[in-house]
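Trainee: The working numbering applies: residue 1 is where the sequence shown begins, and numbers increase by one.
Handing you this structure, nothing more for now.
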Amino acid sequence: MENNQEVYAMPRIGEKAPVFKAVTTQGEINFPADYSGSWVILFSHPADFTPVCTSEFMTFATMEKQFNQANCKLVGLSVDGLYSHIAWLRTIKEKIEYKGMKDVEVTFPLIEDITMEVAKKYGMMMPGESNTKAVRAVFVIDPQGIIRTIIYYPLSLGRNFDELYRVILALQTADEFKVATPADWRPGDDVIISPAGSCGTAKDRMDGKEDGLECKDWFFCTKKLDKDLVLGKILKK
1 MENNQEVYAM PRIGEKAPVF KAVTTQGEIN FPADYSGSWV ILFSHPADFT PVCTSEFMTF
61 ATMEKQFNQA NCKLVGLSVD GLYSHIAWLR TIKEKIEYKG MKDVEVTFPL IEDITMEVAK
121 KYGMMMPGES NTKAVRAVFV IDPQGIIRTI IYYPLSLGRN FDELYRVILA LQTADEFKVA
181 TPADWRPGDD VIISPAGSCG TAKDRMDGKE DGLECKDWFF CTKKLDKDLV LGKILKK
């Protein structure tokens with residue numbers, strides 16, 4: 001059966017973030033060059049003046065300082081136009097109250113993408129959901145412009161912003177301390193050490209010859225990593 005639906009490629013983890021220039025509510029940006037040296041969360045939403053998107057933007061705006069302290073910038077995108085963006089963000093500030101949040105001003109840039117050029121470059125258009133709206137995509141991009149995490153949500157599902165913040169902390173912890181973070185990891189929890197690369201190292205670990213490690217088996221070793229040490233390295237003072 002002939003299928004006329006166009007399929008858009010999605011960038012992959014470990015690749016360079018696709019380059020683009022765009023008009024935003026905070027002026028023109030050159031992405032990701034303008035954000036060199038910072039982590040970035042680039043996220044899309046289906047449309048302005050929609051309730052799920054409104055709750056998300058209010059949450060992100062309220063947490064923006066928290067993300068910035070972790071050297072992470074926020075950049076939003078939808079396929080609506082600039083004037084629609086401005087009107088929507090003004091409405092949020094002037095009229096919307098949600099979960100105790102009110103008078104919320106969104107100061108991070110919101111990209112105008114009427115041509116869908118950026119959405120297509122990042123694989124944000126999924127015909128199974130909509131041909132004209134970007135799904136709720138999240139791209140975490142590191143200071144070198146490399147994509148490190150990709151999360152996709154359907155149009156009906158709002159994102160968990162505590163989890164997005166945890167992702168930023170966990171990625172930076174893994175880079176800084178050369179470790180991995182286990183399920184549900186939070187700063188202060190034990191971290192995972194890479195599996196032993198030789199039989200001798202595995203035996204030494206199981207014999208307790210490597211200080212600070214707790215090994216359940218040769219491939220599963222953890223160590224403590226102080227919460228203050230982690231946050232002191234990551235959070236800007």
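For each residue, glycine too, the CB sits at the ideal point set by N, CA and C.
What residues match up with A174 in a beta bridge as DSSP calls it?
Mentor: Along the sequence shown, read from residue 1 onward, the residue named residue 174 stands at position 174. BP columns for A174 are empty, so no partner.
Trainee: Counting pairs of Cβ atoms below 8 Å between the stretch 223-233 and the stretch 170-182, do you hit three or more?
Mentor: yes
Trainee: Nearest-angstrom Cα distance between K95 and V106?
Mentor: Indexing the sequence shown from 1 puts residue 95 at position 95. Indexing the sequence shown from 1 puts residue 106 at position 106. Spanning the two alpha carbons is a distance of roughly 14 Å.
Trainee: To the nearest angstrom, report how far apart F108 and I13 are at their CA atoms.
Mentor: For the purposes of this step, residue 108 is identified with residue 108 of the sequence shown, where counting begins at 1. For the purposes of this step, residue 13 is identified with residue 13 of the sequence shown, where counting begins at 1. C-alpha separation (whole angstroms): 24 Å.
Trainee: Among residues of its own chain, excluding the 5 on either side of N3, which ones have a beta-carbon nearer than 7 Å to its beta-carbon?
Mentor: Residue numbering aside, residue 3 sits at position 3 when the sequence shown is read from its first letter. Residue placement at N3 cannot be trusted, given a pLDDT of 49 that sits under 50; what the coordinates show is reported in the next sentence. Counting only Cβ-Cβ distances below 7 Å, and skipping sequence neighbours, we find nothing.
Trainee: If you count every other CB in all the chains shown that lies within 10 Å of the CB of F49, and 16 or more means buried, which is it?
Mentor: Taking the sequence shown and counting its residues from 1, the one referred to as residue 49 is at position 49. In summary, F49 is exposed, with fewer than 16 beta-carbon neighbours lying within 10 Å of its beta-carbon over all protein chains present.
Trainee: At what residues does the alpha helix (DSSP H) containing W88 begin and finish?
Mentor: Walking along the sequence shown from the start, residue 88 turns up at place 88. Taken as a continuous stretch (DSSP letters only), the alpha helix (DSSP H) holding W88 covers L82 to K95.
Trainee: Beta carbon of G212, beta carbon of P32: below 8 Å?
Mentor: If you number the sequence shown from 1, residue 212 lands on position 212. If you number the sequence shown from 1, residue 32 lands on position 32. The answer is no: Cβ separation not under 8 Å.
Trainee: Excluding sequence positions up to five away, which residues of its chain have a Cβ less than 6 Å from the Cβ of E112?
Mentor: Position 112 of the sequence shown, counted from the start, is the residue given in the question as residue 112. For E112, where only same-chain residues beyond five positions count, the Cβ hits under 6 Å are V23, G81 and L82.
Trainee: Contact defined as beta carbons within less than 8 Å: I believe L155 pairs with V135. What is the distance between those atoms, to the nearest angstrom?
Mentor: As a working note, residue 155 is residue 155 in the sequence shown. As a working note, residue 135 is residue 135 in the sequence shown. Sure, about 6 Å apart at Cβ, within 8 Å.
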